[in-house]
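Notes for the one structure printed next.
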Amino acid sequence: MFNNSTILITGGTGSFGQKYTETILSRYKPKRLIILSRDELKQYEMQQKFNDSCMRYFIGDVRDADRMMQAMRGVDYVIHAAALKQVPAAEYNPMECIKTNIHGAENVIKAAIANGVKKVIALSTDKAANPINLYGATKLASDKLFVAANNIVGEGETRFSAVRYGNVVGSRGSVVPFFRKLIAQGTESLPITHPDMTRFWITLQDGVDFVLKNFARMQGGEIFVPKIPSVRITDLAGAYGPDLKLDIIGIRPGEKMHEIMCPADDSHHTVEFEDHFVITPSITFFGRSNEYSTNLLGEKGTLVPLGFEYHSGNNSHFLTKQEILSMEEQAKQ
13 MFNNSTILIT
23 GGTGSFGQKY
33 TETILSRYKP
43 KRLIILSRDE
53 LKQYEMQQKF
63 NDSCMRYFIG
73 DVRDADRMMQ
83 AMRGVDYVIH
93 AAALKQVPAA
103 EYNPMECIKT
113 NIHGAENVIK
123 AAIANGVKKV
133 IALSTDKAAN
143 PINLYGATKL
153 ASDKLFVAAN
163 NIVGEGETRF
173 SAVRYGNVVG
183 SRGSVVPFFR
193 KLIAQGTESL
203 PITHPDMTRF
213 WITLQDGVDF
223 VLKNFARMQG
233 GEIFVPKIPS
243 VRITDLAGAY
253 GPDLKLDIIG
263 IRPGEKMHEI
273 MCPADDSHHT
283 VEFEDHFVIT
293 PSITFFGRSN
303 EYSTNLLGEK
313 GTLVPLGFEY
323 HSGNNSHFLT
333 KQEILSMEEQ
343 AKQ
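Right, dumping it as structure tokens:
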């Protein structure tokens with residue numbers, strides 16, 4: 013699929029974009045791989061690492077509709093990873109979050125349709141399910157936009173889907189690098205928000221592989237959710253600082269105790285496959301099939317029971333402290 017194709021990654025200098033680039037270059041021979049982001053320093057630094065002849069670096073912002081239209085000329089596949097993601101920052105800067113995560117999503121959709129892009133996958137988040145913070149609310153709105161775009165395209169062939177997953181091991185701004193920094197500075201305690209808090213946990217490579225496979229699976233309109241383990245925040249702190257005290261600092265603005273990926277209210281159109289779930293569209297697509305129990309790879313799924321909810325607190329797989337450390341080591345490879 014990706015050999016001799018042109019691929020565009022919005023927000024491509026981020027953790028996901030760099031791992032995706034590394035993976036694409038190691039497995040395929042793309043015609044062009046376009047990195048679009050607004051930070052020239054990060055682009056300069058990324059060029060030192062990825063300078064293959066197929067690489068193109070575009071300075072641009074998803075808020076800029078004209079630039080998105082230019083960037084998508086001749087593009088076959090788009091991964092929309094650009095977003096403002098920090099929960100407290102979004103609470104204090106709501107309009108900036110809305111401009112990037114909602115208006116930016118609209119610009120991506122319009123540019124993809126106008127340029128005849130084949131497939132678009134938008135990265136979502138567990139915080140988009142039953143959101144209580146602005147970041148999650150904007151990503152839910154973004155998800156709805158990408159699903160509905162499959163109707164907006166009319167007779168065009170562009171297809172849109174989303175991928176929703178949880179916290180990424182060791183990504184920029186996440187808790188693990190923060191814990192490691194405090195430990196290196198000789199801290200006597202690690203701050204945690206609440207002793208009962210849980211989160212979904214995934215490596216960057218697993219996230220990239222899931223997105224890659226979903227390009228082959230997707231019909232358009234799906235929200236793909238991987239089956240991944242959970243962590244207890246106390247186990248996370250205990251894994252990295254087993255001899256350190258825990259300092260309970262309280263839940264930050266917009267945080268949940270547990271994250272949800274498949275809400276109970278969506279159970280009547282959630283399909284379970286062997287290693288993932290698909291939340292199917294709540295709207296009817298005109299002139300095309302709305303059957304999602306078999307995907308384009310021939311994998312078959314079944315509807316989950318009514319009222320089923322997939323959240324980090326009721327997960328069947330919680331990582332042990334040793335598994336947490338092993339997962340981080342795996343993520344470094």
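Each residue of the sequence shown is one higher than the one before, starting from 13 at the first, in the working numbering. By construction, the Cβ of each residue, glycine as well, lies at the ideal position given by its N, Cα and C atoms.
Can you list, in chain order, the residues of its chain with a C-beta nearer than 7 Å to that of residue i? Leave out the 5 residues immediately preceding and following it.
i, result
"E284", "G313, T314, V316"
"K268", "I144"
"E271", "D138, K139, G178, R211, F212, H323, S324"
"Q342", "T215"
Anyone know if the C-beta pair for residue i and residue j falls short of 8 Å?
i, j, result
"V237", "H288", "yes"
"L256", "E200", "yes"
"S242", "F330", "yes"
"I121", "F172", "yes"
"I240", "I214", "yes"
"G72", "L45", "no"
"V87", "T18", "yes"
"Y56", "F14", "no"
"E118", "L157", "yes"
In chain order, what residues of the same chain have a beta carbon less than 6 Å from the beta carbon of residue i, not counting five sequence neighbours either side?
i, result
"T33", "F62"
"F222", "P238"
"R244", "T210"
"G266", "V99, E103, N145"
"A410", "Look at the range of the chain in this structure, 13 to 345, and you will see that residue 410 is not part of it."
Based on DSSP bridge pairs, tell me the residues matched to residue i.
i, result
"Y89", "I19, K131"
"H323", "I272"
"T210", "R244"
"L202", "L258"
"N179", "W213"
"R79", "Beta-bridge pairing links R79 to no other residue."
"M67", "L45"
Need the endpoints of the beta strand (DSSP E) that residue i sits in, please.
i, result
"A174", "171-175"
"F289", "288-291"
"S154", "Note, S154: premise wrong, no beta strand (DSSP E); alpha helix (DSSP H) at 146-164."
"V125", "The sequence as given places Ile at residue 125; Val does not occur at that position. Run containing I125: none in the beta strand (DSSP E); it sits in the alpha helix (DSSP H), 116-126."
"P106", "Here P106 belongs to no beta strand (DSSP E); instead the alpha helix (DSSP H) covers 106-110."
"V237", "235-238"
"L96", "No beta strand (DSSP E) holds L96; DSSP gives it neither H nor E."
Could you give the residue range of the alpha helix (DSSP H) that holds residue i?
i, result
"V188", "187-196"
"L258", "Taken as a continuous stretch (DSSP letters only), L258 belongs to no alpha helix (DSSP H), being part of the beta strand (DSSP E) at 257-260."
"I263", "I263 -> no alpha helix (DSSP H), and no H or E assigned at all."
"T33", "27-39"
Here's a check: name, in chain order, each residue in its chain whose Cβ is nearer than 8 Å to the Cβ of residue i, leaving out the five neighbours to either side.
i, result
"Q334", "A251"
Can you find a C-beta in chain B that's less than 8 Å from the C-beta of residue i?
i, result
"V165", "Note that chain B does not occur in the displayed structure, where there is just one protein chain."
Report yes or no: do the stretch 90-109 and the stretch 20-34 share at least 3 C-beta pairs separated by less than 8 Å?
-> yes
How about the stretch 132-143 and the stretch 188-207: do they share at least three Cβ pairs that are nearer than 8 Å?
-> no
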